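Structural data, given as structure tokens:
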């Protein structure tokens, strides 16, 4: 392979105007290094300032329990058994061993102090911001275009969810490996050394073990082969370069991506996370995907009403809504296609955005959401690239002919970034606790049964059972088949001694989610209290199938057996914890 594939040409869209290309010449010396270092430090300060509130935030009752606060494996010792669990478990509906290991490391470093866990997320996001800057600079040699793309990535409010949510460690961690893989690949393209290529593959494998959404990296590398690396599609692509060769180079990446897709589908199928695809018609999923693609763009431009959860419209989208979104996307696609030779970065950035969202756009529905801010973490880099490169080209080619217009434009860009920082600072504050988070979600969305349920749970934990019941009832009004609202409502009724009402809620919920161990436990305890011991046994058995050492379930089953006149069986159940411990 030729070693000059990464060379830049003034006539290429990579460099924009000749004026900026010549301005980059000092970057090869010490002055250029000082500029890069100063830009990097400024980016780090901007990110730290914008996201400062996350260090004061606590854990929330939305997946933080599964990942940290109620996860005995994560809180346990860094033992061979727990490391093996990290590499084999499908807990929380994903296979991402490096994410589990990172949470384990945090518990070793910070115990259960939330500030430390949030600090790790913030440091990872800061590192990702710097890597975006260095990657684009390595690709194009342009400092300030690269800086502004990285700044938008670093301080945009849509990225608050990925940083401020402790359980969303997988986003910032997988993106770190994504960037490292791209940097290694760019170095390989500029000096064809096998070690650099296999390092890129290794970083990609690490990314897949942090969050499988990075499966689209081979596609993005192929886009970079087109622009700005110019390894295919250009007359001067260089000896030994072609689309076929570029595609063939991605074979190891694609094999890893295919394996990760299989592992992810297996994990999500095991936990029932893909059941929504069976409940939602294909046309409903396609319509929501179209609207979501457009919706993310609108939230990028106008980042208002950001919520931790957006309910899926489930067929409620109007034809006008879908048609308008489709026309919007088609117009951008036509523009990108028509400018593919003169401004190749438009097509590359647009395809980056479209392609990297495919795994989470909802064609295969996983979970209950219609959209999620966290899904934009990597895809928006493509949009930021288009916006920044296009803005610089507009200035460079005289779109603003007024004399002295550049200084006001720089001031305007600075004011825009400052505005984003303020919005991000405010949005990060909504994550300070569960009550603030879901109160904000209810203010930003309609019919948000998840927000009502989780806000009710947070209020119940604070002892406000009356307000909690109101939110549970509202969640069930919106979505009567939402099992967790019924279970939570049942727990409140159980604590208040309203046994018959609690039994009705648990019974209805178990028809929807028959494997919920906590609901089975409560049903068993309630039925014991009402003297229905035979029925109670079935529920205790369901708990013990999931956790044979569950102390309350063992006690409840022993009590039921003794009251049914089966003392030997009751004694055997009472002795089971010791037997399990001895084994």
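In our numbering, the protein residues as written are 527 to 1109. Just so it is clear, CB atoms sit at the ideal spot from N, CA and C, and this is done for glycine as well. Note that the structure is a prediction, hence the values are computed from the model and not measured.
Contact check, residue i vs residue j under 8 Å by CB: the rounded distance?
i: residue 889; j: residue 961; result: Not really, about 35 Å apart at Cβ, beyond 8 Å.
i: residue 1082; j: residue 1044; result: About 13 Å; that fails the 8 Å criterion.
i: residue 830; j: residue 681; result: Not really, about 16 Å apart at Cβ, beyond 8 Å.
i: residue 710; j: residue 722; result: 5 Å
i: residue 887; j: residue 793; result: The pair is not a contact, with the Cβ atoms about 19 Å apart (cut-off 8 Å).
i: residue 949; j: residue 683; result: 5 Å
i: residue 636; j: residue 643; result: 6 Å
Taking the alpha-carbon of residue i as reference, which of the options has the nearest alpha-carbon?
i: residue 777; options: 611, 1046 and 745; result: 745
i: residue 816; options: 834, 826, 794 and 847; result: 847
i: residue 566; options: 673, 694 and 578; result: 673
i: residue 882; options: 894, 810 and 905; result: 905
i: residue 774; options: 901, 751 and 642; result: 751
i: residue 668; options: 636, 919 and 1031; result: 919
i: residue 1087; options: 1068, 714, 791 and 1063; result: 1063
i: residue 991; options: 716, 653, 1023 and 1051; result: 1023
i: residue 808; options: 716, 712 and 891; result: 891
i: residue 631; options: 737, 594 and 652; result: 594
i: residue 989; options: 696, 656 and 1021; result: 1021
i: residue 780; options: 753, 747, 791 and 756; result: 747
i: residue 1072; options: 1059, 1047 and 1094; result: 1047
i: residue 700; options: 671, 656, 943 and 651; result: 651
i: residue 935; options: 749, 917, 786 and 866; result: 917
i: residue 1089; options: 1102, 1061 and 1101; result: 1061
i: residue 1069; options: 1093, 1016, 1041 and 1056; result: 1041
i: residue 828; options: 845, 770, 670 and 945; result: 945
i: residue 712; options: 996, 663 and 670; result: 663
Between which residues of its own chain and residue i is the CB-CB distance below 6 Å, once the five residues before and five after are set aside?
i: residue 623; result: 612, 613 and 735
i: residue 708; result: 661
i: residue 986; result: 994 and 1018
i: residue 608; result: 599 and 602
i: residue 964; result: 977, 980 and 981
i: residue 956; result: 962, 963 and 966
i: residue 706; result: 729
i: residue 1049; result: 1032 and 1065
i: residue 590; result: 692 and 693
Do residue i and residue j have their C-beta atoms within less than 9 Å of each other?
i: residue 821; j: residue 851; result: yes
i: residue 647; j: residue 617; result: no
i: residue 599; j: residue 625; result: no
i: residue 690; j: residue 580; result: yes
i: residue 952; j: residue 582; result: no
i: residue 914; j: residue 569; result: no
i: residue 1075; j: residue 1066; result: no
i: residue 911; j: residue 727; result: no
i: residue 907; j: residue 658; result: yes
i: residue 1029; j: residue 1009; result: no
i: residue 592; j: residue 692; result: no
i: residue 665; j: residue 720; result: no
i: residue 1031; j: residue 1012; result: yes
i: residue 702; j: residue 714; result: no
i: residue 854; j: residue 880; result: no
i: residue 942; j: residue 895; result: no
i: residue 826; j: residue 620; result: no
Leaving out the 5 sequence neighbours to the left and right, which residues in its chain are closer than 7 Å to residue i when beta-carbon positions are compared?
i: residue 885; result: 739, 741 and 742
i: residue 973; result: 837 and 1004
i: residue 862; result: 872, 873 and 876
i: residue 970; result: 831, 832 and 833
i: residue 840; result: 806 and 810
i: residue 1110; result: For residue 1110 there is no data in the structure shown, the boundaries of the chain being 527 and 1109.
i: residue 697; result: 688, 737, 900 and 903
i: residue 1052; result: 1020, 1025, 1028 and 1029
i: residue 655; result: 569, 573, 676, 679 and 680
i: residue 843; result: 813, 814 and 817
Please go through the same chain and pick out, in chain order, the residues whose beta-carbon is closer than 8 Å to the beta-carbon of residue i, but skip the five residues on each side of it.
i: residue 983; result: 587, 960, 994 and 1014
i: residue 1091; result: none
i: residue 552; result: Low per-residue confidence applies at residue 552: pLDDT is 39, beneath 50, and the placement is therefore not dependable enough to give any value.
i: residue 554; result: Because residue 554 sits at a pLDDT of 45, beneath the cut-off of 50, its placement in the model cannot be relied upon, and the following sentence gives the value as read from the coordinates. Closer than 8 Å at the Cβ level, and outside the excluded window around residue 554, lies no residue.
i: residue 549; result: Confidence at residue 549 is low in this model, with a pLDDT of 34, below 50, so the placement of that residue should be treated as unreliable; the coordinate-derived value is given next. No residues qualify anywhere along the chain.
i: residue 633; result: 594, 600 and 601
Nearer than 8 Å: is that true of the beta carbon of residue i relative to any heavy atom of the ligand MG?
i: residue 886; result: Only the bare structure without any ligand can be found here, which leaves the ligand MG out of the picture.
If we cut at 9 Å on Cβ distances, does residue i have a partner in chain C?
i: residue 1058; result: Among the chains in the structure shown there is no chain C, since it carries only a single protein chain.
Please list the segments of the alpha helix (DSSP H) lying wholly inside the stretch 830-913, counting only runs of 4 or more residues, in order along the chain. Runs of the alpha helix (DSSP H) inside the stretch 830-913: 845-864 and 870-883.
If we require 4 or more residues per run, which alpha helix (DSSP H) segments fall completely within the stretch 1074-1109? Unbroken alpha helix (DSSP H) stretches of 4 residues or longer found wholly inside the stretch 1074-1109: 1077-1089 and 1093-1108, given in chain order.
Whole runs of the alpha helix (DSSP H) within the stretch 983-1048, excluding any shorter than 4 residues: You should have 991-1004, 1009-1021 and 1025-1038.
Only counting runs of 4 or more residues, tell me where the alpha helix (DSSP H) segments fall wholly within the stretch 640-684, in order along the chain. Here the runs fully enclosed are 640-666 and 669-681.
Which residue spans inside the stretch 752-786 form an unbroken alpha helix (DSSP H) run of at least 4? If we require 4 residues or more, the alpha helix (DSSP H) runs fully inside the stretch 752-786 come out as 769-775.
Which parts of the stretch 617-641 are runs of the alpha helix (DSSP H), unbroken and 4 residues or longer, counting only runs that do not cross its ends? Runs of the alpha helix (DSSP H) inside the stretch 617-641: 623-636.
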